[in-house]
Each structure stands twice: as C-alpha cells, then as structure tokens.
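Chemist: Pasting in a structure now, in structure tokens, and then I'll have a few things to ask.
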Amino acid sequence: MTPPFLGVFSASSVIRIHTQPTGVPPPPLTHYIFGLDFRLCFTQIFGNQKIEMAPADGSTASPFPRSNFELVCEGKSNDLLDVKKYRSRRTGLTVVIADVSGPVVSGYFVLATEAHDDDGLPHTLEHLIFLGSEKYPYKGVLDLLANRCLASGTNAWTDTDHTCYTMTTVGSEGFLSLMPIYLDHILYPTLSDEGFITEVHHIDGEGRDSGVVYCEMQGRENSCESLCHRAVLQALYPGSGYSSETGGIMHNLRTSTDNVKVRNFHKQFYRPENLTLAITGKVEAEQVFAALADFENKIIAKGNRGAFVRPWQTEVQPFTKSVEQLVPFPCDEESGGLVLLAWRGPSAATDIYSITACSVMVKYLADTPVSPLQRDMVEIKDPCASNISYILIENSPSAILFCFENVPVEKLDSVKESFNNTMGNILAEIEKIDETRLKSVINRQLLETLSALESSPHDAIGFMAIADMLYGRNQQDFQQRLNMVKDLRKLLEEPTSFWIQLLDQYIGLDVPFVLVKGQPSVELKAKMTQEEEERVQQQRAALGEDGLKAKADAIVAAMQKNDIPPPDEMLTSVPLPGVDGINFHPIQSFCSNNPEVTHPNFSNICAPGVMTYLLNVKSNFVYMFTLMDTSKISSNLRIYLPLLLETILESPVVRDGVLIPYEAVVAELESDTVSSSTAFGLGDPKRFSCGPFGQTAVLMLQLEPGKYERCVKWMQEILFHSQLTIERLSVMATKMVNDVAQAKRNANSISLAVLKSMMFCKESNWHCSSMIRQHRTLTEVCSALEAGGDNAKKFLDQINQLRDELVKPENLSITIAANFDNLENADQPWTGFLPANLEPSNKPLQITADCELIDQCQTDRGSVVGLGCAESAFLKYCCPSLVGYNHEDLPAMQLFSQYLSQLEGPLWKQVRGQGLTYSYNLYSDANEGKLYFTLYRSTNVVAAFKEAKAIVEAQLQPDAVWDETLLDSARNSLVNETIQSERTVGEAVMNGLMTFFKRVHLNHNK
C-alpha cells in the first residue's frame, strides 16, 4: 500500500540544533530572483561615457501624431526581428519595442542601480516595490491585477549594475492595462516600515532572524560558489561598486540596512530618465504610448525632480597587481574544491567587438572535450577538475573568468601551473591555434545567437536592451548589439595573429590576474554552526522575554497592516482581456502508424525503419530526437545507463570502415550542430536526475536545415557505430565521480534526490541515476578500468551489451521537428538508417509513465538530511494524487493548487508573508500521480510547514470560504502558465513532443 506521504527535509547543521528547524524551496519564477546565476546570463555594464537625454525642446519630430515619444533608432535583430527605440521628450522615459511572434507580450522595466556597500539596498528595494504604490496602496494588488490581466504574477531580479522588473501576459490587451499600474509601483512605491519588517528582515518571537530577503541571502551567502565569486570581484574591482554584494550580506541586513536608506536609494535611482521599458511581442507602438499617457502626466505633475547623476560614471581604478587568495567554505566532506581564475577584460562600453571576440576565445579554450584547457586538464587520466566553465561579465571594464569545478583538494595549488603550461604553448605558438576548429566555434556561436531568437526571443531582446540602456552611447552601438552575427561573421575573417594578440592582451602570462581557491572545510562548518548558535542565544538573552514579545507583536502588527485587502472596485477596475485571437505557433503532426497521412516532403514516413513522428513547425532549425525505451534493461546493466549516455557523444565512431578518433568526432559534431545532448526523460534534466517520463532515454540534435542530411548520418553513427573504449569510459567516469562533490553541496538537489530514491523502484532510471548510487558505482568502474585486464574487459562487454539492447529497433522511435514546407525530400536521407543486421520495426514506443514506477511497498516515509553547506532549509513533501493528463478532475486540482499558491494567495501571505521562507510551491504531477509541496530557503521550516498544513486543511472543510477575486485570479494565472508553455517555437516543439507521451491531442492546451 502506498504511504500517505513522502517527505525529505535538508537543512544546515545550525538549524538541526534548534527545536524548530529551517528549510529551503526550489525557486519558482515568482518574485525576486537574485544571485550569481543571473549574473552569468546577462550583459551587465555601464560605460564611462555619459549618455545625453533627448532634446527637451522636441526638435526631433515624433513619428506618431499627438505622441510625446520620438524614434531614436531602429533595426533588425540579427536580420530577423524588427526593433525600435523611442524616448519621451517630456520625461526622458525610454521604450524599446520588438516585434516578436507568439501568444505572449513580455516587458522588461530596467533601471541602472549602483551600490558601494554590502547593505543590499538595490535588492531590498526590489522586494519592497511590490508591496503597494501611491495610487494602489495595498500589498499584493499588483499581482492580483496581473493575474486578472492574464499574467501569472510579476517578477524581478537585482544585478550588480541594474534592477529589472518583468511581466508577461497573454496577448497585448492585458499588458497595456497592467503596465501603468506596474510603473506606478516602480516609481511611486509606498516603502512602508511594515513592509520592510516582513519582507526584508526582522527578529521573531523566538529570537531568530527572518524576513524574505534574509531567507534568500542566508540560502546562498556561504556557498562555495558565492564566496569565491565575491572574493574575485572584490579583488578585481577594489573600491568599485562592481565589488559590492548588492543582495546584501546577513550581517548588514541585521545591523545596517534600514528603510530610510532604502527610501534614499529609491529617490536617487528610480527616475524616468533612468528607466527603460523593453517590450517584446505583438503590440503596436501607438498603443504603448497611449497606455503611458496618463502616467507621464503624473510624472510631470510631480514637478522638478532635481539634477540626475547617471550611475556608473566613476572610472574604475586600474588593476595592476595579481591577487591570490584561499577561501575556505563550509562543507560535510573535504573531497572537491573550486578554483576561479580571472582577469580584467575589454570595455563593453567602448569595445563591443573585442567583448564578442573574447566570448569566442574562451569558448575555443574551454567549451568541449577537445578544447585545449579541457583536453589538458580534464580529459586525462588524473584530471585537475571535472569541468572548466567560463564567465564573461560585461562590466566596464569587463571580467573574464575560468571556473575549475570539483578540483581534488590536493590539486588546488597546481591548477594555475597547469593552466599556464597550456596557455604558454598557445601564446608561444608551440601549439598552433586550430583555425578550422576556431571557425567552427564562431559558426556555432552564430547559430546559437540565431537560435536564441527562436527559442527565447523575449529574453534575447530584453537582455540586449538592458546592455544598451546601461552602456550604449549612440545609434551605432545599438545596431551593433542588435546584430551580433555581423561581428561574428567579421571574426571569421580575422587572422591567427589577431587571436594571439587578443589572448596576450587580456589573459597572457604577464597580465595581472586574480586566483581564488575555494577549499572545503569541515572545521569551518563546525565553527560557523557554533558561532551562529551562540549569536542567536546572545540575541535572545539581550532581548529578554519582554523584548522577544515586542518583536513578536511587531510582526503581527506588520502583517495586519500589510494584509489589509484592497477594495473590490480596485481589483475589478481593470477589464478582463479576451482570449480570442491568441497568436499560437502553428504546428502539425504526422506518425508512421498512419503512413497514408504524411507531409508531402516526407512521403515515406516509414523510411527510418522505426516508429517515426513528424512535427511541422515554422522554425529556422531542425530538431531530431531519438527516443529509447529503457524499460526492459536488466537491473545489473541499468546502473551503467548514465555513464553510457554521457560517453556516447564523446566516443570514436566507425565511418566507412575507418575509425574516427573521439577528438575528431567532438569537433565535427560541434561544427555540424547547434546543440547535442542526451538525457533521461524530456525537458532539460541535469546530471544525476531525470525529466518527465524518465524511463525514456533521449538523444537530441539541433541543427540548421543545410546540415540535415549530415545530421541524419550523425544520428546513425552515434547510435550504431560509436566505439566505446576503456580510455573514454574511464575519463568520463572520473569526471562524473568528481561532479558528485559539487552536487552534494546543493541542498535543494539533495532533498529531491533523497525523495525520488524513496519513491521509485529499483527498476527505474530515477533510482539508478541517483548521485549517491552513481558515486558508488562509478568509483568501482574507475577502479576496474584502471586495473585493466579481465575486469576492464568484462565491464566493456557489459556496457556494449547495454548499448546493443538500447538501440534495438523495437526500443526506438524517431521524432523530427522542422519546417517541412522548406525541406524537400526529407525522407530520403533516412533510407538505410538501420544497420543491415537489424530488422525494421514500426512498433509504437513503449511509454512508461513515472507513476508506474512508484514503489508501492516502500516503508521509508521521510528523511532528515543534515548538510553543513546549507544555512537554510529545503523541504520536499508529496502524497498520492491524480494520475494521467486526461483525468476529469485534473483541471479542478490544478485550480485548487493555484488558488492556494498564487502570488498574494493564502500560502503567499501566511508562509512567505511572515518571512518563514523565500519561496514555496504546491503543484500536482499527473505523470507521477503525486501532489507536491516544497519549501525553498526557509529560515523556519517547521513553522512554515505548520502554516501551510493549516491553510490546506482549512480550505478542505465543507464550510470553507472561497474568495471569488482570488478564484478568478487563479483561473487567469493558469491560462497564462498554460499558454506560456508554448510561447516560443522551441517550446512549441517540446510541447508537441510531450503530447505523444501525455497521450493528449496536439491542441490539448488550446
């Protein structure tokens, strides 16, 4: 019998001492995502050049009658999307509009922000913006109105040099209604003391520190990655705002940050001259300007705003002397560390071309197993690291970083020497730059840039607008950022001497650098645990009973003030937008089980010799999927599936009787594809994890149509002609073993892994791919392969047997998504796809829903995992729920979950609103047949869980009250989330693939 629930709680050792522990949930895309991850995604710099405002006298005529906005410049993003930039003559407000096809309209409302301390003022202000405005002075009204406008709440992030507020609505009608309300919150927020108490920091009645911002920063401040990254920026940019922790450190949040500072920060930076609205989707400029008219009148009515000093005008002092630093970080075992190596790079304000060139060069050096650094430091018998990643932070001047991950502790001191050996050979031209591969890297980056306009066009344009807003100087800069492919094509023509000079100038052996070595320390974990416990005890003692009661009363009073509901007429003042005429991406499907009905350009749909699905979409790329059923794989071989999937793309292949070495395979595959990957299940699961329908292994190639025939051949060679060797298996197994150390430092991943291990049976890929089981298995594999002889041969025979079982035609299915209207004779390259010794099979792929793999006899119902690497806590909790996507009660269950968990819903107000957790989630998984509740970065996981439990139980009572406004809000929010799941062409492709597995119609969401 299935137990009534399963739960996993992981927390810091500090928390485990307390009677009421703390917890941490996975970040849903709700408010206030801040941190290192976003730094790596965005261009983020403001140049030293002062940007002049538009003429105040209106000397440039507006292209729109009666509009105050003038066209500043326009262009096509990489020759595909129309983009126009306008500026208001009255207020200085800037608007960038991009014509992006699809069902949604997105907004990125950006301000340049600069801080020179660790109080976290940009971040705390970002949180407080959402708690009410001058015209709408109620906490939560913005998100309730957002849901009414067919959005799913609003969102924001804080970066070192800017703060960005976002929203996405279905269609333009709701967007235009919500935009001025959102802007009223941004420029004219209430910034109440009560909001600061709950949202930023407070001490609760038990003497513990809490608050939403505090929860968030507690969850990341002392992680290995955060500590090392901060050390690099402090050394690389001494005295500059680029070195500040704009999220706020916990000590400052407790002792220095206050609401007066926040208000002053808002007054300094939140001004229309410093605000850019980047809007992407099907929306007309005239409509945008009309929607802004009353808001601009309000800005003018406020009177003179005083002089404005644009942020990031102070010149950054030169960096002339190298810095080396050892940074210990708390952990439970001292197995692997992190090394960051950084230099100052070119100015993204004045040298965009060199920034692009540097982005190419770091990819050339470290992007694949045949890159020089990966080849010499990772793809070896005794590696220095399990992976080398790179970061280009576009500050002014920029920063170039290499990240050496999972470095064995004994090798922390040798990473720089190994790096210098490789770089020295390249700079001395002992090792010549491989011009063929360099051109391949540039071409692939070019294709990735074009692919981004298809897979994530809203973000691609939004981030470009952010970069231009921060450091764009003129129309030429705007055009250059808008058309990166032109610079990439120019880079294809640069001689070798250009690249050598670029390397020598920015990361040469004589260039000043920052070297940060992150060293795991169990001792530091124990010390921090003790110090935090003592600090809290001293805080309790200092407050005394009366002080603690006063703190508790202050929280109650703040929540009462914050929870005053907005009047109904305010919530209904915005008209409900219609859903007719939503601009969905058109898609058709065909299947070889009905060969008479197919696309004329793929007339022989049975050509591949296995079950074949076609998705006809308006795409500039082709997506090929080989789906492999693993359900019949025996348990003794299944444990090696993760290693097989990791190795198969990096192994030699036999081509026309000739063995092609793995180095050539990796280089050619990089040249011929936009991306290639393997995984368990759909989506984009990480290593040691599975996506939905995890019993299906997936091999995916994305390519340009001109490489279609070549990539059909690649699919054939990878599946049937790759040669698994002891050498490659050993290298890959070692890399995966070393990766476990980093995975174990992610408390959220640990809690999920433990929960899934308890849930799923031994025959499942969730069970076999667990990081704990894989660590043990791969360690044994490494030993066997290193020993050689019969043990190594036996393992090689086993993994070849596994591969042969996996690629039997009855276990395979091919899915191809492309614009078949423009792909003539697309079936012909598939003729002869199967080797001659394999019989074709048109048997439908066996689809195993994850619910079929749940262990019905499980006895473990919960687990508490103590982690020294985490200062806050994470909870994963689930119980049996509805099975299947056609279940008649599924919409009602989804609405129930959305009602409780939506922004400004019951869970938001009572769990997050009290500062008990940074975020939470409540959702139904019809594939697993489970209802999940999660907490992420919680300071008090027991209190948070109790509040959530009480809320759910109260709503299940016969006399429960349902707020009609919240119910409408939940419905609209669900509509938004459903439509957003296919807002881009790439998402439409994945949604089409998912319909096969869900056994629903292609238009199920519509």
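So that you can map any letter, position 103 of the sequence shown is 103 in the UniProt record's numbering, and since no number is skipped, the others follow by simple counting.
C-beta atoms are modelled at their ideal positions from N, C-alpha and C, and glycine is treated no differently.
#1: I'd like to know if the segment 509–524 and the segment 368–383 are in contact, where contact means that at least 3 CB-CB pairs between them fall below 8 Å.
#2: Take the Cβ of E216 as the centre, count every other Cβ of all protein chains shown within 10 Å, and call the residue buried at 16 or more, exposed below.
#3: Considering only C-alpha positions, which residue in the set I718, R971, A679, A465 is nearest to L275?
#4: Does the segment 201–218 touch the segment 908–924, meaning 3 or more C-beta pairs lie closer than 8 Å?
#5: Going by DSSP in three states, Q846 sits in which element: helix, strand or coil?
#6: Pop quiz: L470 and D739 are said to be a contact at Cβ under 8 Å. What is the actual Cβ separation, rounded to whole angstroms?
#7: With 16 as the cutoff for other CB atoms within 10 Å, does P397 come out buried or exposed?
#8: In chain order, which beta strand (DSSP E) runs of at least 3 residues are fully inside the segment 685–721?
#9: With F109 as the anchor, note down where its beta strand (DSSP E) starts and where it stops.
#10: With a threshold of 8 Å on Cβ separation, who are the neighbours of S651 within its own chain once the five nearest residues in sequence on each side are excluded?
#11: So if DSSP puts Y932 in a beta bridge, which residue, or which two residues, is it bridged to?
#12: Is C857 helix, strand or coil when you go by DSSP?
#13: Which whole-angstrom value is the C-beta distance of P311 and F265, which I expect to be below 8 Å?
#14: Kindly indicate the opening and closing residues of the alpha helix (DSSP H) around L802.
#15: Is it a yes or a no for the segment 982–995 touching the segment 584–592, going by three-plus beta-carbon pairs under 8 Å?
#16: Based on Cα-Cα distance, which residue from T422, N420, S389, N421 lies nearest to N406?
#17: In the structure shown, what three-state DSSP assignment does W157 receive?
#18: Less than 8 Å between the C-beta atoms of P575 and S863, yes or no?
#19: Could you check if residue 1033 is buried or exposed, using at least 16 other CB atoms within 10 Å of its CB as the buried criterion?
#20: Shortest alpha-carbon distance to V865 belongs to which of A960, L752, G132?
#21: Do you know how far the Cα of D672 is from the Cα of R710?
#22: Could you check which residue in K909, L993, P891 has the C-alpha nearest to that of L615?
#23: To the nearest angstrom, how far is the alpha carbon of A818 from that of T647?
#24: Got a sec? Which residues, its chain only, sit under 7 Å from residue 1009 by beta carbon, not counting five neighbours each side?
#25: Could you tell me the boundaries of the alpha helix (DSSP H) in which N604 lies?
#26: Near D459, which residues of its chain fall below 7 Å by C-beta distance, leaving aside the five closest residues on each side in sequence?
#27: Since F760 sits in a beta bridge, which residues does DSSP pair it with?
#28: Could you say which of Q716, H599, G681, R638 lies nearest to V653 if we only look at CA atoms?
#29: Could you compute how far the alpha carbon of A948 sits from the alpha carbon of T779?
#30: Whose C-beta lies closer than 6 Å to the C-beta of S677 among residues of the same chain, with five residues either side of it excluded?
#31: Return the CA-CA distance between K363 and A743, expressed in angstroms with no decimal places.
#32: According to the neighbour-count rule (16 or more other Cβ atoms, all chains shown, within 10 Å of its Cβ), is A541 buried or exposed?
#33: V283 to I979, Cα distance in whole Å?
#34: Going by C-alpha to C-alpha distance, which of E982, P383, L627 sits closest to V409?
#35: Following the continuous alpha helix (DSSP H) through D99, name the residue where it begins and the one where it ends.
#36: Closest by CA to A741, which one among F760, T190, H775?
Modeler: Let's see:
#1: no
#2: Taking the first residue of the sequence shown as position 1, residue 216 is located at position 216. Per the 10 Å Cβ criterion, buried.
#3: The count along the sequence shown starts at 1 and reaches residue 275 at position 275. Comparing Cα positions, the closest option is A465.
#4: yes
#5: The residue given as residue 846 occupies position 846 in the sequence shown. Coil at Q846, not helix or strand.
#6: The residue labelled residue 470 in the question sits at position 470 within the sequence shown. The residue labelled residue 739 in the question sits at position 739 within the sequence shown. With 8 Å as the limit, L470 and D739 do not qualify as a contact, their Cβ atoms being about 35 Å apart.
#7: In the sequence shown, counting from the first residue as 1, residue 397 sits at position 397. When all chains shown are included, P397 counts as buried.
#8: 696–703
#9: For the purposes of this step, residue 109 is taken as residue 109 along the sequence shown, with counting starting at 1. Unbroken beta strand (DSSP E) run through F109: 104–112.
#10: Here residue 651 is taken as the residue at index 651 of the sequence shown, counted from 1. Excluding sequence neighbours, S651 sits near Y662, V665, S722, Q723, L724, T725, R728.
#11: Residue numbering aside, residue 932 sits at position 932 when the sequence shown is read from its first letter. Answer is C878, Y923.
#12: Position 857 of the sequence shown holds residue 857. Of the three classes helix, strand and coil, the one that applies to C857 here is coil, per DSSP.
#13: Residue numbering aside, residue 311 sits at position 311 when the sequence shown is read from its first letter. Residue numbering aside, residue 265 sits at position 265 when the sequence shown is read from its first letter. So it is not a contact: roughly 11 Å between Cβ atoms.
#14: Indexing the sequence shown from 1 puts residue 802 at position 802. For L802, the uninterrupted alpha helix (DSSP H) segment begins and ends at 789–806.
#15: yes
#16: Residue mapping note: residue 406 aligns to position 406 of the sequence shown, counting from 1. Each of T422, N420, S389, N421 was checked against the Cα of N406, and the nearest Cα belongs to S389.
#17: The residue you call residue 157 lines up with position 157 of the sequence shown. Strand.
#18: Walking along the sequence shown from the start, residue 575 turns up at place 575. Walking along the sequence shown from the start, residue 863 turns up at place 863. Cβ atoms of P575 and S863: not closer than 8 Å.
#19: Because residue 1033 is not part of the residues shown, which for the chain are 1 to 1006, the question remains open.
#20: One-based indexing of the sequence shown puts residue 865 at position 865. Measuring from the Cα of V865, the nearest candidate turns out to be L752.
#21: Residue numbering aside, residue 710 sits at position 710 when the sequence shown is read from its first letter. Residue numbering aside, residue 672 sits at position 672 when the sequence shown is read from its first letter. C-alpha separation (whole angstroms): 8 Å.
#22: Counted from its first residue, the sequence shown places residue 615 at position 615. With distances taken between Cα atoms, L615 lies closest to L993.
#23: One-based indexing of the sequence shown puts residue 818 at position 818. One-based indexing of the sequence shown puts residue 647 at position 647. Rounded to the nearest angstrom, the two C-alpha atoms are 27 Å apart.
#24: Lying outside 1 to 1006, the shown extent of the chain, residue 1009 is not represented and no answer is given.
#25: By 1-based counting over the sequence shown, the position of residue 604 is 604. That residue, N604, is in no alpha helix (DSSP H); it is neither H nor E in DSSP.
#26: Position 459 of the sequence shown, counting from 1, holds the residue named residue 459. Excluding residues within five positions, none has a Cβ falling inside 7 Å.
#27: Translated into the one-based positions of the sequence shown, residue 760 becomes position 760. Beta-bridge pairing links F760 to I854.
#28: Within the sequence shown, numbered from 1, the residue matching residue 653 stands at position 653. Comparing Cα positions, the closest option is Q716.
#29: Taking the sequence shown and counting its residues from 1, one reaches residue 948 at position 948. Taking the sequence shown and counting its residues from 1, one reaches residue 779 at position 779. Going by the C-alpha atoms only, they are around 41 Å apart.
#30: Position 677 of the sequence shown, counted from the first residue, corresponds to residue 677. The answer, listed in chain order, is M700.
#31: In the sequence shown, counting from the first residue as 1, residue 363 sits at position 363. In the sequence shown, counting from the first residue as 1, residue 743 sits at position 743. Approximately 24 Å, taken between the alpha carbons.
#32: For this step, residue 541 is matched to residue 541 along the sequence shown. Under this definition A541 is an exposed residue.
#33: Within the sequence shown, numbered from 1, the residue matching residue 283 stands at position 283. Within the sequence shown, numbered from 1, the residue matching residue 979 stands at position 979. Cα to Cα, V283 sits roughly 17 Å from I979.
#34: Along the sequence shown, one-based indexing puts residue 409 at 409. Considering only alpha carbons, the answer is P383.
#35: Taking the sequence shown and counting its residues from 1, one reaches residue 99 at position 99. Run containing D99: none in the alpha helix (DSSP H); it sits in the beta strand (DSSP E), 94–99.
#36: The sequence position of residue 741 within the sequence shown is 741, counting from 1. Closest by alpha carbon: H775.
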